[in-house]
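Novice: Got a structure here, written out as structure tokens. Questions coming.
Protein chains: 2
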Amino acid sequence: MVSKRAPKSVIRRLPVYLRILDHLIINNVEIISSKELSEETGFSAEQIRKDLAFFGAFGTRGSGYNTDYLRKKILKIIGLDGQTNITVIGAGHLGTALIRYYAQKNPYVNVVAAFDVDSSIVGQKIFDIEIVDISNIKDIVNKYDIKVAVMTVPAEHAQPVAEKVVESGISVIFNFAPVKLRLADNIHVHNVDLSIELQSLIYYANTNR
Amino acid sequence: MVSKRAPKSVIRRLPVYLRILDHLIINNVEIISSKELSEETGFSAEQIRKDLAFFGAFGTRGSGYNTDYLRKKILKIIGLDGQTNITVIGAGHLGTALIRYYAQKNPYVNVVAAFDVDSSIVGQKIFDIEIVDISNIKDIVNKYDIKVAVMTVPAEHAQPVAEKVVESGISVIFNFAPVKLRLADNIHVHNVDLSIELQSLIYYANTNR
DNA sequence: TCATGTGAAGAGCTTCACAGCA
DNA sequence: TGCTGTGAAGCTCTTCACATGA
Numbered sequence: 003m004v005s006k007r008a009p010k011s012v013i014r015r016l017p018v019y020l021r022i023l024d025h026l027i028i029n030n031v032e033i034i035s036s037k038e039l040s041e042e043t044g045f046s047a048e049q050i051r052k053d054l055a056f057f058g059a060f061g062t063r064g065s066g067y068n069t070d071y072l073r074k075k076i077l078k079i080i081g082l083d084g085q086t087n088i089t090v091i092g093a094g095h096l097g098t099a100l101i102r103y104y105a106q107k108n109p110y111v112n113v114v115a116a117f118d119v120d121s122s123i124v125g126q127k128i129f130d131i132e133i134v135d136i137s138n139i140k141d142i143v144n145k146y147d148i149k150v151a152v153m154t155v156p157a158e159h160a161q162p163v164a165e166k167v168v169e170s171g172i173s174v175i176f177n178f179a180p181v182k183l184r185l186a187d188n189i190h191v192h193n194v195d196l197s198i199e200l201q202s203l204i205y206y207a208n209t210n211r
Numbered sequence: 003m004v005s006k007r008a009p010k011s012v013i014r015r016l017p018v019y020l021r022i023l024d025h026l027i028i029n030n031v032e033i034i035s036s037k038e039l040s041e042e043t044g045f046s047a048e049q050i051r052k053d054l055a056f057f058g059a060f061g062t063r064g065s066g067y068n069t070d071y072l073r074k075k076i077l078k079i080i081g082l083d084g085q086t087n088i089t090v091i092g093a094g095h096l097g098t099a100l101i102r103y104y105a106q107k108n109p110y111v112n113v114v115a116a117f118d119v120d121s122s123i124v125g126q127k128i129f130d131i132e133i134v135d136i137s138n139i140k141d142i143v144n145k146y147d148i149k150v151a152v153m154t155v156p157a158e159h160a161q162p163v164a165e166k167v168v169e170s171g172i173s174v175i176f177n178f179a180p181v182k183l184r185l186a187d188n189i190h191v192h193n194v195d196l197s198i199e200l201q202s203l204i205y206y207a208n209t210n211r
């Protein structure tokens with residue numbers, strides 16, 4: 003079998019479809035067309051069809067996509083069938099907000115622990131999620147089979163912390179620290195740099211851009 | 003003059019260069035090559051040269067780029083020469099964390115006010131930034147010439163709030179609410195959806211992706 | 001008839017390869 | 001010589017246009 007690897011852009015859109023399907027299913031909508039999905043998402047109908055068709059023929063010509071069936075297919079593709087355990091590393095203001103955010107608003111994902119080095123916050127709980135000293139990371143990653151680390155540590159600590167994270171067995175990092183992490187090629191790092199994103203937006207605050 | 007508009011991807015990289023230049027200048031480094039910038043950023047040297055060359059010839063053949071000169075050029079291109087006033091709308095956990103983050107760690111940008119509807123938090127201050135009732139948005143946007151709104155409101159309120167924001171005179175929105183905002187074409191919206199980004203990452207937690 | 005699925009064309013961005021200049 | 005600046009080639013992703021099938 004010679005299946006091409008999925009474009010990154012497609013993978014980033016799949017969870018958007020998933021969220022809309024969740025809404026639709028709650029409202030007992032059973033069929034949705036690519037045109038209607040286009041209106042909800044802002045992506046073009048052709049693009050949505052291409053995205054879905056990449057993984058197989060999930061629709062019915064003449065009518066559209068069965069919401070429940072499509073949802074299950076997307077869950078399977080992403081790997082969100084069954085809960086995924088994640089952790090947040092760095093329980094400062096941003097880290098704490100993210101723990102709350104993911105614990106409350108995110109289906110499919112469990113925050114099972116948080117880590118920090120600051121002894122004055124280690125031992126505290128956010129909801130039922132305990133902040134643990136980072137020296138224990140390996141044990142806890144193993145125990146809970148944690149798949150993803152969300153990193154919100156200060157820039158100057160990011161590189162050594164990331165190395166510890168990788169060493170503990172995690173291979174996917176969602177990094178908010180404003181540094182380029184140098185890790186092995188098989189480690190998947192997704193950077194969101196809130197300062198950079200804001201600054202680049204300023205460009206568009208001027209006319210005709 | 004028939005200058006093409008700048009690619010979005012270029013605009014998103016400029017603040018990365020800016021941050022590195024700031025570091026270099028603090029350390030009294032006066033010249034930097036595209037190769038060295040490549041090592042710091044992870045972008046290819048050719049790409050960096052293309053990015054910069056899009057706006058003019060800022061380097062010196064044979065040596066590299068003067069850090070101070072290049073920094074000033076980039077500031078001017080983005081529009082970060084002079085402080086830019088921004089606001090955060092929705093002062094919940096995430097909003098509060100972002101106010102702190104931008105107030106503390108972000109050069110070039112001032113958070114001048116925050117807005118919410120919750121009367122129990124209106125009037126509170128984060129550092130010296132006051133949380134104001136959103137009904138006052140138009141006056142304050144005018145008074146401080148606020149250019150960008152960072153929106154961290156619940157999904158169900160995002161659309162009407164965004165309309166108020168636009169009405170107040172803001173044309174650039176950094177939206178964290180998990181909804182597609184429907185606004186006039188001249189309004190620039192940048193979405194960061196933390197649930198979506200995390201979910202799409204799960205895909206890469208499996209092998210060979 | 002209507003909406004999906006899909007080759008082909010197009011657009012946008014990145015990499016290559018080298019000319020140009022200090 | 002060494003590093004920038006830049007057409008051309010290459011790659012990736014999106015849009016077009018239409019064949020396909022319920």
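Chains E and X, in that order, are what the protein sequence lines are.
Under our numbering, the first residue of the first sequence is numbered 3, with each subsequent residue one higher.
Under our numbering, the first residue of the second sequence is numbered 3, with each subsequent residue one higher.
Idealized CB from N, CA, C, for every residue including glycine.
From a predicted model like this one, the values you see are computed outputs, not experimental measurements.
Per DSSP, what kind of secondary structure is Lys127/E in: helix, strand or coil?
Specialist: For this step, residue 127/E is matched to residue 125 along the first sequence. Lys127/E falls in the strand class under three-state DSSP.
Novice: Given a threshold of 16 other Cβ atoms within 10 Å of its Cβ, counted over all protein chains shown, does Phe129/E qualify as buried or as exposed?
Specialist: Position 127 of the first sequence holds residue 129/E. With fewer than 16 Cβ atoms within 10 Å of its Cβ, Phe129/E is classed as exposed.
Novice: Are the CB atoms of Val181/X and Ala157/X within a distance shorter than 9 Å?
Specialist: Your numbering for residue 157/X matches position 155 in the second sequence. Your numbering for residue 181/X matches position 179 in the second sequence. Yes, these two residues count as a Cβ contact at 9 Å.
Novice: Can you find a CB in chain X that lies within less than 9 Å of the CB of Thr89/E?
Specialist: By one-based count along the first sequence, residue 89/E stands at place 87. For Thr89/E, the answer is no, since every Cβ of chain X falls outside 9 Å of its Cβ.
Novice: Under 7 Å Cβ-Cβ, which residues of chain X neighbour Gly44/E?
Specialist: Taking the first residue of the first sequence as position 1, residue 44/E is located at position 42. Those within 7 Å of Gly44/E in chain X are Lys182.
Novice: Counting only beta-carbon separations shorter than 9 Å, does Lys145/E have a partner in chain X?
Specialist: Here residue 145/E refers to the residue found at position 143 of the first sequence. By this cut-off, Lys145/E is not an interface position.
Novice: Does the CB of Thr62/E have a neighbour CB from chain X at under 9 Å?
Specialist: Position 60 of the first sequence, counted from the first residue, corresponds to residue 62/E. It does not; no Cβ of chain X falls within 9 Å.
Novice: In the structure shown, what three-state DSSP assignment does Phe56/X receive?
Specialist: As a first step, residue 56/X is located in the second sequence; it is residue number 54 there, counting from the start. Note: Phe56/X maps to helix in three-state DSSP.
Novice: Take the Cβ of Ile136/X as the centre, count every other Cβ of all protein chains shown within 10 Å, and call the residue buried at 16 or more, exposed below.
Specialist: What you label residue 136/X is simply residue 134 of the second sequence in a count that begins at 1. Label assigned to Ile136/X: buried.
Novice: What three-state label does DSSP hand Val31/E in the structure shown?
Specialist: Position 29 of the first sequence holds residue 31/E. In this structure, Val31/E counts as coil in the three-state DSSP scheme.
Novice: Can you name, in chain order, every residue of its own chain whose Cβ lies under 6 Å from the Cβ of Val18/E, other than the five neighbours on each side?
Specialist: Stepping through the first sequence from its first residue, residue 18/E is reached at position 16. Excluding positions up to five away in sequence, the list reads Thr43.
Novice: Just the chain X side, please: which residues come within less than 8 Å of Gly81/E by C-beta, in chain order?
Specialist: Counting from 1 along the first sequence, the entry for residue 81/E is found at position 79. Within 8 Å Cβ-Cβ: Ile204, Tyr205, Ala207, Asn208.
Novice: What are the partner residues of Thr86/E, as DSSP defines its beta bridges?
Specialist: If you number the first sequence from 1, residue 86/E lands on position 84. Paired residue(s): Val111/E.
Novice: In terms of residue numbering, what span does the beta strand (DSSP E) encompassing Asn177/X cover?
Specialist: Taking the first residue of the second sequence as position 1, residue 177/X is located at position 175. Taken as a continuous stretch (DSSP letters only), the beta strand (DSSP E) holding Asn177/X covers 174-177.
Novice: Taking all protein chains shown into account, do 16 or more other C-beta atoms lie within 10 angstroms of the C-beta of Arg63/E, making it buried, or fewer, making it exposed?
Specialist: For this step, residue 63/E is matched to residue 61 along the first sequence. With fewer than 16 other Cβ atoms within 10 Å, it is exposed.
Novice: Check whether the Cβ atoms of Tyr67/E and Leu54/E lie closer than 9 Å to each other.
Specialist: Counted from its first residue, the first sequence places residue 67/E at position 65. Counted from its first residue, the first sequence places residue 54/E at position 52. Yes, Cβ-Cβ distance for Tyr67/E and Leu54/E is below 9 Å.
Novice: Inspect the beta-carbon positions of Arg14/X and Ser202/E and report whether they are closer than 9 Å.
Specialist: The residue given as residue 14/X occupies position 12 in the second sequence. The residue given as residue 202/E occupies position 200 in the first sequence. In contact: Arg14/X and Ser202/E (Cβ atoms closer than 9 Å).
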